[in-house]
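Colleague: The opening position of the sequence shown corresponds to residue 48 in this note's numbering, with each subsequent residue numbered one higher. Positions of the beta carbon are idealized from the N, C-alpha and C atoms, including for glycine. The structure presented is a predicted model; accordingly, all values stated were derived computationally and were not measured. Quick one: structure below, then a few questions.
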Amino acid sequence: MSVLVRPETPEDEAAVAAVVTAAFTAAGAEPGPEAAFVRELRREPGAYLGRYSLVAVDAGDVVGHVLASRISVGGAPALALAPVSVHPLHQSGGVGRQLVERVLAEATAAGETLVLVLGDPAFYSRFRFEPASEVGITGPYAGAEFMARRLAADAPVGEAVYSPVFARLEQGQL
Ligand SMILES: CC(C)(COP(=O)(O)OP(=O)(O)OC[C@H]1O[C@@H](n2cnc3c(N)ncnc32)[C@H](O)[C@@H]1OP(=O)(O)O)[C@@H](O)C(=O)NCCC(=O)NCCS
């Protein structure tokens with residue numbers, strides 16, 4: 048399935064929230080906090096970077112969204128990829144792949160050197176994410192799901208420091 052991928056605009060915010068909620072909420076369950084997470088990150092001047100908040104549009108409808116926000120690693124700028132959302136009716140059609148590939152391309156073009164993610168290695172390894180611990184990165188997360196994608200040979204190493212919005216999500220405060 049080929050979709051148009053473009054930066055989000057203010058007019059997309061409600062549709063993005065709906066897609067994020069639909070992607071992360073199992074059928075019949077209460078909506079999760081992920082849409083609030085996106086909303087709060089948008090309000091973080093130091094974290095939110097509009098060029099890395101992308102929507103996938105199919106026939107005029109927002110069917111997917113990806114966000115990469117500013118973090119630091121070893122005191123140097125890096126990006127955190129979170130969340131990636133594809134509406135359940137459009138999953139498994141390549142939309143998630145297009146969103147991740149596009150945000151990595153945008154980051155590379157802008158001279159970014161490192162992107163971190165917390166996610167399923169089965170999905171992210173195809174984009175050449177590798178375990179963060181194996182490339183010298185520590186932080187608030189650990190384990191195989193904490194992964195890094197180096198975009199340049201001089202990608203930073205050291206401790207990853209995230210926006211407080213991430214901790215609020217982890218602690219159930221959103
Ligand atoms: C994960 C998600 C973004 C993937 O989007 P998608 O459009 O369904 O993915 P694609 O069709 O591009 O899939 C690409 C590949 O990843 C695989 N894949 C999809 N979701 C996966 C998952 N959760 N775990 C492992 N592999 C996955 C697909 O099988 C496909 O493999 P293939 O190319 O060998 O057929 C989407 O399923 C989603 O929104 N899930 C709920 C929210 C979520 O968990 N987001 C990720 C964490 S931030």
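For the stretch 85-97 against the stretch 63-70, are there 3 or more C-beta pairs whose distance is under 8 Å?
Modeller: Yes: at least three Cβ pairs fall under 8 Å.
Colleague: Would a C-beta distance cut-off of 8 Å place R117 and L126 closer than the cut-off?
Modeller: Translated into the one-based positions of the sequence shown, residue 117 becomes position 70. Translated into the one-based positions of the sequence shown, residue 126 becomes position 79. Cβ atoms of R117 and L126: closer than 8 Å.
Colleague: What span of residues does the alpha helix (DSSP H) with E60 cover, start to end?
Modeller: For the purposes of this step, residue 60 is identified with residue 13 of the sequence shown, where counting begins at 1. Taken as a continuous stretch (DSSP letters only), the alpha helix (DSSP H) holding E60 covers E60 to F71.
Colleague: Bridge partners for P57 per DSSP, in chain order?
Modeller: Sequence index remark: in the sequence shown, residue 57 carries index 10 (1-based). Answer by DSSP bridge pairing: none, since P57 is not bridged.
Colleague: Would you mind giving the Cβ-Cβ distance between P203 and V150, rounded to the nearest angstrom? I have them listed as a contact below 8 Å.
Modeller: In the sequence shown, counting from the first residue as 1, residue 203 sits at position 156. In the sequence shown, counting from the first residue as 1, residue 150 sits at position 103. That belief does not hold up - the Cβ atoms of P203 and V150 are roughly 19 Å apart, past 8 Å.
Colleague: Are V131 and G143 closer than 8 Å when you measure CB to CB?
Modeller: Position 84 of the sequence shown holds residue 131. Position 96 of the sequence shown holds residue 143. It is a contact, given that the beta carbons lie within the stated cut-off.
Colleague: Starting from the C-beta of R53, find all residues in its chain whose C-beta is less than 8 Å away, skip the five residues before and the five after it, and write them out in chain order.
Modeller: In the sequence shown, the residue the question calls residue 53 occupies position 6. Only L101, V102 and V104 meet the Cβ criterion.
Colleague: What are the uninterrupted segments assigned as beta strand (DSSP E) that are 3 or more residues long and contained completely in the stretch 183-219, given in chain order?
Modeller: Entirely contained in the stretch 183-219, the beta strand (DSSP E) runs reaching 3 residues are, in chain order, 193-197 and 205-208.
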